[in-house]
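Participant: One gets the working numbering by counting positions in the sequence shown from 1 and adding 113 to each.
For every residue, glycine included, the Cβ atom is placed at its ideal position computed from N, Cα and C.
Just so you know, these numbers come straight off a predicted model, no measurement behind them.
Here it is, the structure in full.
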Amino acid sequence: TFDEQGNLLFQVSESFLDDSLPGRNNILRKTLNDILMKHAEAAGVDIKWGKKVVAYEETAESVTAVCEDGEKMQADILAGFDGIHSVVRDIMLQKETEKEHLGMGAWRFYIELPDYTFEDATFMYRSGDTQIGVVPLAEHAGYVFVLQPCTSDYWDEEDTRFDRVKEILSGFRGLDFVTKHMSKQHPVIFNKLERVAVQEPWHKGRVV
């Protein structure tokens, strides 16, 4: 971790258990998605795109997912891997789960660095309430995240994100290798950091 002047503050080992194993394995979501899709299709999984579950019907023998377009799909188990905004979870709990804003916003983008070679390390930069991470994905590619405080009603529009993030990064010495390669070809994604605490059981009947 460095400060805004580029001075090293501290180092943390990313070794996991011992030096023979990686401490992490960074991968783009699309790349992971492609790997999962490839193996799912090879196993004969019937993948349906553009479906949204709005309800389900359960019996002692099966569970039927009801989609927004009216299609029904029957199976032994319904597993909802639909994230913090899970529809399946809210239907199962019969209530909308409240999300807690953590007071921070996160900007993220992919970057290609043709004249820079990553070592197997993540670079962190910190100044006041601002934290920046540069995470390697390959020898000449990675992703960058920026964390800053924001209110629960704050939103950064797509057409302002690129310039805003570039201005923030420009205030940190040592990040020139990032700012000079930023490209609008790789859009900046913005999310407010939220969390959900579910006290109830995460499964009920044939639904999890």
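Is residue 307 closer than 8 angstroms to residue 174 when the C-beta atoms are compared?
Facilitator: no
Participant: Applying the 10 Å Cβ sphere with the 16-neighbour rule, what's the burial state of residue 255?
Facilitator: Answer is buried; the Cβ neighbour count reaches 16.
Participant: Counting pairs of beta carbons, one from the stretch 244 to 261 and one from the stretch 200 to 220, are three or more of them closer than 8 angstroms?
Facilitator: yes
Participant: Answer yes or no: do residue 148 and residue 321 have a C-beta to C-beta separation smaller than 8 angstroms?
Facilitator: Going by C-beta atoms, residue 148 is not nearer than 8 angstroms to residue 321.
Participant: So, using beta-carbon positions, are residue 301 and residue 278 closer together than 8 angstroms?
Facilitator: yes
Participant: In angstroms with no decimal places, state the Cα-to-Cα distance between residue 224 and residue 231.
Facilitator: If I take the Cα positions, the gap works out to 12 angstroms.
Participant: Can we say the stretch 196 to 212 touches the stretch 159 to 174, given the rule of at least three CB pairs closer than 8 angstroms?
Facilitator: yes
Participant: Would you call the CB atoms of residue 286 and residue 124 closer than 8 angstroms?
Facilitator: no
Participant: On the criterion of 16 or more Cβ atoms from any shown chain inside 10 Å, does residue 142 qualify as buried, or is it exposed?
Facilitator: exposed
Participant: Rounding to the nearest angstrom, what Cα-Cα distance links residue 162 and residue 188 in this structure?
Facilitator: 17 angstroms
Participant: Quick check on residue 309: buried or exposed, where buried means 16 or more other Cβ atoms within 10 Å of its Cβ?
Facilitator: exposed
Participant: With DSSP as the reference, please indicate the residues paired to residue 305 in a beta bridge.
Facilitator: 218
Participant: Determine the closest residue to residue 313 out of 116, 208 and 154, with distance taken between C-alpha atoms.
Facilitator: Measuring C-alpha to C-alpha distances from residue 313 to each of 116, 208 and 154 identifies 208 as the nearest.
Participant: Since residue 104 is in the beta strand (DSSP E), which residue starts that stretch and which ends it?
Facilitator: This structure gives no information on residue 104, because the portion of the chain shown stretches from 114 to 321.
Participant: Within 10 angstroms of its Cβ, does residue 197 collect 16 or more other Cβ (buried), or is it exposed?
Facilitator: exposed
Participant: Just how far apart, CA to CA, sit residue 303 and residue 294?
Facilitator: Between residue 303 and residue 294, the C-alpha separation is close to 19 angstroms.
Participant: Determine the extent of the alpha helix (DSSP H) in which residue 279 is found, giving its start and end residues.
Facilitator: Where residue 279 is concerned, the enclosing alpha helix (DSSP H) stretches over 271 to 283.
Participant: Using 8 angstroms as the threshold, is the C-beta distance between residue 249 and residue 139 below it?
Facilitator: yes
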